[in-house]
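In what follows, a structure is listed as structure tokens, so that the remarks can point back to it.
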Amino acid sequence: MLCSKCGFDNPGLFAFCGRCGSSTIPDNAPPETGHHFSSRVERRQLTVMFCDLVGSTAFSGQHDPEEVNDVTQEYHSTCAKVIDLHEGRIAQFQGDGLLVYFGYPLSHEDDAQRAVRAGLEIVAAIAQMRERLAKPLYVRVGIHTGLAVVGQLGGVNNPNPMAIAGETPNIASRLQTLAAPDSVVISSSTHRLVEGFFVCQSLGTPALKGVASPIEVYSVHQESSIQTRFEKAVVTGLTPLVGREKEVELLLRAWEESTHGRGQVVMLSGEPGIGKTRLLRVLKERTDGEWIRKFEGRCSPYSRNSALYPAIDFLQKALQFQRGDDAEKRSMLLEQKLEQWGLSLPDSVPLFGALLSLPPSERYPMLPMTPQRQKQKTFEAIVAFLLRTAVQHPTRVILEDLHWADPSTLELLELLIQQVPHTRLFVALAFRPEFTPPWAAQPHITNITLGRLSRSEIEVMVRSIAGDKLLSPGVVNEIAAKTEGVPLFVEELTRMLLESGLLGEQNGVYELISPLPALAIPSTLYDSLMARLDRLGTAKEVAQLAAT
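Residue numbers (this note's numbering): 33 to 580.
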């Protein structure tokens, strides 16, 4: 995007010019696809990142201005690529600092995770840049999550859609000053949203200039092995499954059919938080055993452009690859496992090796073929591997978040689904309602759509979470009305009420001390709810007005 003031060519996600700082959003410009700027002021939760080069003033004084400009532009471009990958938005430049929003103009249910992950990747990218340029370049990153007012702020005649009001950006900037060079520091509100997904260390509650209330601060070291909200919940304790008896029965019946050589595919659809993963966990608990073979994985919003990402993940787990294994060891493991699985090494080694980005095998070279032919042969090899496994043992394949699948993965699944009948293969595919499977209905495919919980089911769930605290019917009614039967929302709102101080005990029953505030939304759900609204596009404003 060329700056109209200085002509600098900015990456598309820059809201302000990387050279002169002028706005890159033209007057009366139409909204970007998928990034609809609100035409009205709105209050929303944002995760704000502020990152800054360390010692840039000294660096500028020691080097030629043209060289400084080149380095600064590369720094901006390097950060922009990482931020773009995680769908953040660069809002403003403050000297060498970048002010970045995660959650506006487009929300995601994991904006805080995206921000922290982007911060760690920026640190790693600048370290590589430092080594390549042999320059003393270090970066500090501060991240804070809080409520802010966004929209057409900045004056009637010149509104700025990327301006926000509130202390959230100021806190992020102050946190950045606490970070050691090449490190990421986050606030307690961000930590609450990403706890478990990253390895963090508390730095206490240092004073932050201009911030009245004390804030606990954390240093982020690295990502943890936990990848999903459900995996985190398993560690802290799961609530009992409520109201899914029929769906459990359908899953178990399909599994039983597959173990007798009548392969089955189950398509499990439901909105976020409705309990797809929880239901599949019950299936796994009921069917696990040494006598079966199982392959589990999920698609990722970060891998939508990575061909066959879930298949690669399946294979790496099956081959027992470990982080730190070199290419030679991985190639050896591949050959050993393929032989153990009874696959032809000359046919399978080059195909699986290429899929896993291993060096070409000297003993088993790839036969000359077109890329399209190699792709088809790879599909056939993966399917053949699963079919052979199912000959030896009942085999369970579970793939979640299919709505984020890349096109190649969908092609592979279509081929696999065609081969499932008359095998001992059970395939469960979970996805959100916006995904439409590209394959036709077939007799061996069962479709399950998870609906919302009934009022009585909500009460059972609330009572289970509350434990020995007896909540009044009025409190349960409030929870039911606000959550509309989405299990995740029921759980989070119930826990928030139990921890909030909004409840008082009278004769052994807990009542609301005062009416539940209209904006009493757990911070853990805010991003998820905003993401739902943002997916409505311009219809979002109609929904917001209707709710006021």
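Ideal placement from N, C-alpha and C gives every residue a C-beta, glycine not left out. Only a predicted model underlies this, so the values are computations on that prediction, with no experimental measurement involved.
(request) Would you check if the distance between the CB atom of Val429 and the CB atom of Val274 is smaller than 8 Å? (result) Locating residue 429 in the sequence shown gives position 397, where the first residue counts as 1. Locating residue 274 in the sequence shown gives position 242, where the first residue counts as 1. Not a contact, by the Cβ cut-off of 8 Å.
(request) Give me the Cα-Cα distance between Leu312 and Leu270, rounded to the nearest whole angstrom. (result) On the sequence shown, residue 312 is found 280 positions in, with the first residue counted as 1. On the sequence shown, residue 270 is found 238 positions in, with the first residue counted as 1. If you take the alpha carbons of Leu312 and Leu270, they lie about 13 Å apart.
(message) Taking the straight line between their C-alpha atoms, what separation do you get for Val100 and Phe91?
(response) Counted from its first residue, the sequence shown places residue 100 at position 68. Counted from its first residue, the sequence shown places residue 91 at position 59. Each residue's Cα considered, the two are about 8 Å apart.
(request) Take every Cβ of the region 339-352, pair it with every Cβ of the region 449-466, and state whether three or more of those distances are shorter than 8 Å. (result) no
(message) Quick check: what's the CA-CA separation for Leu390 versus Arg362?
(response) The sequence position of residue 390 within the sequence shown is 358, counting from 1. The sequence position of residue 362 within the sequence shown is 330, counting from 1. In a straight line, the C-alpha of Leu390 is about 8 Å away from that of Arg362.
(request) Kindly list the residues whose CB is nearer than 6 Å to the CB of Ser335, restricted to its own chain and excluding five residues on each side of it in sequence; keep chain order. (result) Within the sequence shown, residue 335 is the residue found at index 303, counting from 1. Counting only Cβ-Cβ distances below 6 Å, and skipping sequence neighbours, we find Tyr341.
(message) Let me check understanding here. Comparing Cα to Cα, which of His253, Asp357, Arg76 and Asp96 lies closest to Arg149?
(response) The residue labelled residue 149 in the question sits at position 117 within the sequence shown. If we check each option's Cα against that of Arg149, His253 comes out closest.
(request) Under 8 Å Cβ to Cβ from Asp327, same chain only, skipping five residues before and after it: list those, please. (result) Numbered from 1 along the sequence shown, position 295 holds the residue referred to as residue 327. Correcting the residue identity first, residue 327 is Phe in this sequence and not Asp. Around Phe327: Phe346, Lys349, Ala350, Leu418, Thr427, Arg428, Val429 and Ile430.
(request) Pick out whichever of Glu371, Lys308 and Thr291 has its Cα sitting closest to the Cα of Leu321. (result) Start at 1 with the first residue of the sequence shown, and residue 321 comes out as number 289. The amino acid occupying residue 321 in the given sequence is Gly; Leu does not appear at that position. Nearest option by C-alpha distance: Thr291.
(request) Confirm, please, whether the CB-CB distance from Thr79 to Phe125 is below 8 Å. (result) Translated into the one-based positions of the sequence shown, residue 125 becomes position 93. Translated into the one-based positions of the sequence shown, residue 79 becomes position 47. Their beta carbons are not under 8 Å apart, which means Phe125 does not touch Thr79 by this criterion.
(request) Can you tell me the Cβ-Cβ gap for Ala460 and Cys331, rounded? I've got them flagged as a contact below 8 Å. (result) Along the sequence shown, read from residue 1 onward, the residue named residue 460 stands at position 428. Along the sequence shown, read from residue 1 onward, the residue named residue 331 stands at position 299. That pair is no contact at about 14 Å.
(message) Taking the beta strand (DSSP E) that Phe327 belongs to, which residues open and close that run?
(response) Along the sequence shown, one-based indexing puts residue 327 at 295. Here the beta strand (DSSP E) through Phe327 covers Arg325 to Arg330.
(request) Using a threshold of 8 Å, state whether the C-beta atoms of Val171 and Asp84 are closer than that. (result) One-based indexing of the sequence shown puts residue 171 at position 139. One-based indexing of the sequence shown puts residue 84 at position 52. Cβ distance < 8 Å, so Val171 and Asp84 count as in contact.
(message) Run through the DSSP bridge pairs and tell me what His176 is partnered with.
(response) Counted from its first residue, the sequence shown places residue 176 at position 144. Paired residues: Val80.
(request) Answer with buried or exposed for Ile158, where buried requires no fewer than 16 other C-beta atoms within 10 angstroms of its C-beta. (result) In the sequence shown, the residue the question calls residue 158 occupies position 126. Label assigned to Ile158: buried.
(message) Please identify the residue among Lys264, Glu153, Arg527 and Gly517 whose C-alpha is closest to the C-alpha of Gly499.
(response) Taking the sequence shown and counting its residues from 1, the one referred to as residue 499 is at position 467. Minimum Cα distance to Gly499 is reached at Arg527.
(request) Taking Ile203 and Ile247 to be in contact with their CB atoms under 8 Å, please state how far apart those CB atoms are, rounded to whole angstroms. (result) Your numbering for residue 203 matches position 171 in the sequence shown. Your numbering for residue 247 matches position 215 in the sequence shown. Correct: roughly 7 Å between the Cβ atoms.
(message) Given a cut-off of 8 Å on the beta-carbon distance, is the pair Arg121 and Pro137 in contact?
(response) As a working note, residue 121 is residue 89 in the sequence shown. As a working note, residue 137 is residue 105 in the sequence shown. A contact, by the Cβ cut-off of 8 Å.
(request) Please report how far the alpha carbon of Tyr542 lies from the alpha carbon of His108, in whole angstroms. (result) For the purposes of this step, residue 542 is taken as residue 510 along the sequence shown, with counting starting at 1. For the purposes of this step, residue 108 is taken as residue 76 along the sequence shown, with counting starting at 1. Using only the alpha carbons, I get a separation of about 54 Å.
(request) Within its chain, find whatever has a CB closer than 6 Å to the CB of Gly228; leave out the 5 residues flanking it on each side and keep chain order. (result) For this step, residue 228 is matched to residue 196 along the sequence shown. Only Ile258 and Lys264 meet the Cβ criterion.
(request) Classify Arg75 as helix, strand or coil using the three-state DSSP reduction. (result) Start at 1 with the first residue of the sequence shown, and residue 75 comes out as number 43. In this structure, Arg75 counts as strand in the three-state DSSP scheme.
(message) Between which residues of its own chain and Gln145 is the CB-CB distance below 6 Å, once the five residues before and five after are set aside?
(response) Within the sequence shown, numbered from 1, the residue matching residue 145 stands at position 113. Here the set comprises Val226 and Phe229.
(request) Give the DSSP-derived three-state secondary structure of His67 in the structure shown. (result) Taking the first residue of the sequence shown as position 1, residue 67 is located at position 35. At His67 the pLDDT is 49, less than 50, meaning the model places this residue with poor confidence and gives no usable figure here.
(request) For Asp102, count neighbouring C-beta atoms within 10 Å of its own C-beta (all shown protein chains included) and say buried if the count is 16 or more, exposed if not. (result) For the purposes of this step, residue 102 is taken as the residue at position 70 of the sequence shown. Asp102 comes out exposed.
(message) Can you tell me whether Gln368 is buried or exposed? The criterion is at least 16 other CB atoms within 10 Å of its CB, across all chains shown.
(response) On the sequence shown, residue 368 is found 336 positions in, with the first residue counted as 1. It is exposed - the Cβ of Gln368 has fewer than 16 other Cβ atoms within 10 Å.
(request) In the DSSP assignment, find the unbroken alpha helix (DSSP H) run with Val508 in it and report its ends. (result) Walking along the sequence shown from the start, residue 508 turns up at place 476. Per DSSP, Val508 belongs to the alpha helix (DSSP H) from Pro505 to Thr515.
(message) Need the endpoints of the beta strand (DSSP E) that Tyr542 sits in, please.
(response) One-based indexing of the sequence shown puts residue 542 at position 510. That run of the beta strand (DSSP E) goes Val541 to Leu544.
(request) With distances taken Cα to Cα, identify the nearest neighbour of Gly302 among Leu485, Val494, Ile511 and Glu531. (result) Counting from 1 along the sequence shown, the entry for residue 302 is found at position 270. Checking every option, the nearest Cα to that of Gly302 belongs to Leu485.
(message) Can you tell me whether Tyr136 is helix, strand or coil according to DSSP?
(response) In the sequence shown, counting from the first residue as 1, residue 136 sits at position 104. In this structure, Tyr136 counts as coil in the three-state DSSP scheme.
(request) Over the uninterrupted alpha helix (DSSP H) stretch that includes Ser245, give me the two end residues. (result) Numbered from 1 along the sequence shown, position 213 holds the residue referred to as residue 245. First-last for Ser245: undefined, no H or E at that position.
(request) Provide the residue(s) that pair with Glu537 in DSSP beta bridges, ordered along the chain. (result) For the purposes of this step, residue 537 is identified with residue 505 of the sequence shown, where counting begins at 1. According to DSSP, which records beta bridges pairwise, Glu537 is partnered with Tyr542.
(request) Mind checking which residues open and close the alpha helix (DSSP H) that includes Leu529? (result) Within the sequence shown, residue 529 is the residue found at index 497, counting from 1. Pro519 to Ser532 is the extent of the alpha helix (DSSP H) around Leu529.
(message) Pull the bridge partners of Phe125 from the DSSP assignment, please.
(response) Position 93 of the sequence shown, counting from 1, holds the residue named residue 125. Beta-bridge pairing links Phe125 to Leu130.
(request) Over the uninterrupted alpha helix (DSSP H) stretch that includes Leu383, give me the two end residues. (result) Within the sequence shown, the letter at position 351 stands for residue 383. Unbroken alpha helix (DSSP H) run through Leu383: Leu377 to Leu387.
(message) Among Val249, Val494, Gly93 and Ser504, whose alpha-carbon lies nearest the alpha-carbon of Pro272?
(response) Taking the first residue of the sequence shown as 1, we reach residue 272 at position 240. Minimum Cα distance to Pro272 is reached at Val494.
(message) I need the DSSP call for Phe467, collapsed to helix, strand or coil.
(response) Your numbering for residue 467 matches position 435 in the sequence shown. The answer is coil: DSSP assigns Phe467 none of H, G, I, E or B.
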